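Encoded as structure tokens, the structure appears first; notes follow it.
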Amino acid sequence: MNKPLRRIAVFCGLLMLALLLRANWLQYLRADELASDGENRRVLINQYAVPRGDIVVGGQPVTGSVKVDGADLKYKRTYKNGPMYAPVTGYASQSMGMTLLEKTYDSVLSGQDDRLAFKRFTDIVTGKERRGGDVVTTIDPKAQEAGYKGLTELGARGSVVALDPRTGKVLALVSAPSYDPSSFAGNLLKESDRFKALDADKARPLANRGLRETFPPGSTFKILTAAAALEHGVVTDIDASSDAVSPYPLPQSSNMIGSQAGDAVCGKASLKTAMQYSCNNVFLDAAVKLGRDRMRETAEKFGFNEDVYSSDLGDLRAVKSQYPQDLDAPGTALTGMGQGSLTSTPLQMAMVTAALVNDGKVMQPYVVDEVRSPDLSTLQKNEPRVMSQAVSSGTAAKVRGMMEHTAKEGSAQRALIDGVTVGGKTGTAQRGVDVREQVPYGWFVSYGVKPDGRSVAVAVFIDPTAMDISREDISGGNLAAPIARNVMKAVLRD
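The working numbering numbers the first residue of the sequence shown as 358 and each following residue consecutively.
And the structure:
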């Protein structure tokens with residue numbers, strides 16, 4: 358072979374080697390990346406090639422699939438009571454992607470999970486169509502309905518979260534206003550337009566207020582301040598008079614902070630009386646005496662500054678509730694009454710309440726009870742898991758005693774239920790610098806315990822911005838307590 362031909366042959370050989378290396382690199386090293394790429398049409402075709410498995414609530418599916426004629430994406434998702442369950446299910450849209458449980462458990466729901474490999478093989482051999490597995494939630498349908506109905510009848514933006522204190526199961530997860538995932542589940546232009554309209558809506562129906570947004574918790578946080586004060590020995594007798602004057606002088610400031618109940622009631626009030634009448638001065642003073650480090654330490658034991666849903670559960674994830682690291686004295690004082698730079702999700706305040714019912718033990722919240730294959734065999738079973746021991750059982754019992762007194766004699770009376778031990782705490786949270794120009798948030802946290810030991814903890818958050826209501830009528834006791842009561846009744850029904 359002459360020299361020019363040899364060079365051409367070597368060059369062609371190098372090209373072939375490069376081609377083989379490239380092909381192997383794509384097929385093996387980048388196979389998983391390319392297979393899950395959102396721009397890969399085959400991914401979508403595979404996801405919607407068969408009816409998706411169901412998301413199950415109370416033993417009944419709240420999702421379904423319908424065939425789409427003349428399209429390469431053969432099936433699209435449908436939802437039962439879509440707006441009510443959207444904060445749990447999320448959406449599976451051929452054009453807009455997936456969120457929440459639809460996204461987290463897509464491989465199971467679409468039948469592509471590795472744990473279903475043998476099932477897929479037997480379906481191929483027998484000629485059966487591939488089927489998806491199911492995701493069974495912890496949601497109580499009656500509790501979910503009570504929370505959703507309560508918010509929508511008020512016309513309020515807000516959230517309701519209910520937990521089983523003993524296990525951490527999420528019994529209700531409501532966000533309002535909401536949306537119907539069915540309305541944009543397909544791949545048509547009009548469905549994309551519907552999604553864009555929802556995304557642009559000032560009421561923000563696509564927002565998940567229970568998990569993904571934080572707000573100042575207001576006076577509901579006083580139950581945590583009380584727990585911290587008792588746990589660290591700042592307060593030893595809940596019935597003893599304090600030395601907290603009213604109005605209370607904010608440290609390093611000329612500001613004096615009063616209480617709605619009045620100075621005569623709140624001046625040097627005991628911790629129990631301060632809880633009953635929501636006296637700001639006693640909780641500001643407790644936070645000052647505790648200091649920022651002990652306040653933050655207790656808040657973190659209850660779940661603040663922590664990831665709530667850990668990735669190994671494969672569950673929904675909540676944004677962190679924040680107790681800031683570097684607070685000055687006035688900032689620390691304000692957190693004692695749930696204000697300042699402190700923020701919380703409704704889920705987090707439900708966790709605080711649930712922990713007090715559970716003798717100070719914080720349970721990991723979870724919304725998926727079981728993941729199962731198409732033949733109903735269990736692929737994954739989530740079990741209760743302890744996050745932390747936030748406070749001692751003795752401290753938790755004292756705080757419960759004050760919350761129950763507040764329900765019987767104080768501002769939480771609208772949550773009382775015959776035959777149920779109820780504890781509660783109202784909250785009105787200011788936002789913005791000039792509180793006179795801003796409509797406050799309404800909060801309410803409560804728990805109910807039946808004689809047989811069944812229990813539930815509830816947090817209700819209300820943003821009354823869109824409501825036709827005067828500033829004076831906005832309070833957690835008026836707006837949120839009746840919703841919490843109905844949710845507790847739904848869970849504890851006989």
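From the three backbone atoms N, C-alpha and C, an ideal C-beta is built for every residue, glycine too. Predicted model only: the values in this text are computed from it and were never measured.
Query	Result
Using DSSP's beta-bridge definition, name the partner residues of residue 720.	743
Alpha carbon to alpha carbon, what distance is there between residue 851 and residue 747?	31 Å
I'd like the span of the beta strand (DSSP E) that includes residue 379, first residue to last.	That residue, residue 379, is in no beta strand (DSSP E); its alpha helix (DSSP H) goes 360-381.
Assuming residue 805 and residue 849 form a contact by the criterion Cβ under 8 Å, report the distance between their Cβ atoms to the nearest whole angstrom.	5 Å
Of all the options 600, 577, 367 and 636, which has the alpha carbon lying nearest to the alpha carbon of residue 617?	636
Okay, do the region 652-660 and the region 524-539 touch, 3+ Cβ pairs below 8 Å being the bar?	no
Please state whether DSSP places residue 694 in a helix, a strand or coil.	coil
Is the region 704-720 close to the region 487-495, with three or more CB pairs under 8 Å?	no
With a cut-off of 8 Å, do at least 3 Cβ pairs link the region 457-469 to the region 777-789?	no
Residue 415: which of 634, 727, 548 and 740 sits nearest, CA to CA?	727
Applying the criterion that 16 or more other CB atoms from any shown protein chain within 10 Å of the CB defines a buried residue, is residue 575 buried or exposed?	buried
Consult DSSP for residue 613 and reduce its assignment to one of helix, strand or coil.	strand
By a C-beta neighbour count over all protein chains shown, 10 Å radius and 16 as the cutoff for buried, is residue 843 buried or exposed?	buried
Let's see if you can read the secondary structure: which residues bound the alpha helix (DSSP H) around residue 489?	Looking at the DSSP string, residue 489 is not in any alpha helix (DSSP H), and its letter there is neither H nor E.
Is it buried or exposed, residue 376, if we count other Cβ atoms within 10 angstroms and call 16 or more buried?	exposed
Please report the residue range of the alpha helix (DSSP H) in which residue 842 lies.	838-848
For residue 679, list the residues DSSP reports as bridge partners.	700
Given that a residue counts as buried once 16 or more other Cβ atoms are within 10 Å of its Cβ, and exposed if not, what is residue 457?	buried
Can you check the region 552-598 for any alpha helix (DSSP H) of at least 4 residues that lies completely inside it and give the ranges in chain order?	579-588
For residue 650, which option in 599, 680 and 771 has the closest C-alpha, if you only look at C-alpha atoms?	680
Compute the beta-carbon to beta-carbon distance between residue 629 and residue 595, rounded to the nearest angstrom, for a pair I have assumed lies under 8 Å.	4 Å
Does DSSP put residue 818 in a helix, in a strand, or in coil?	strand
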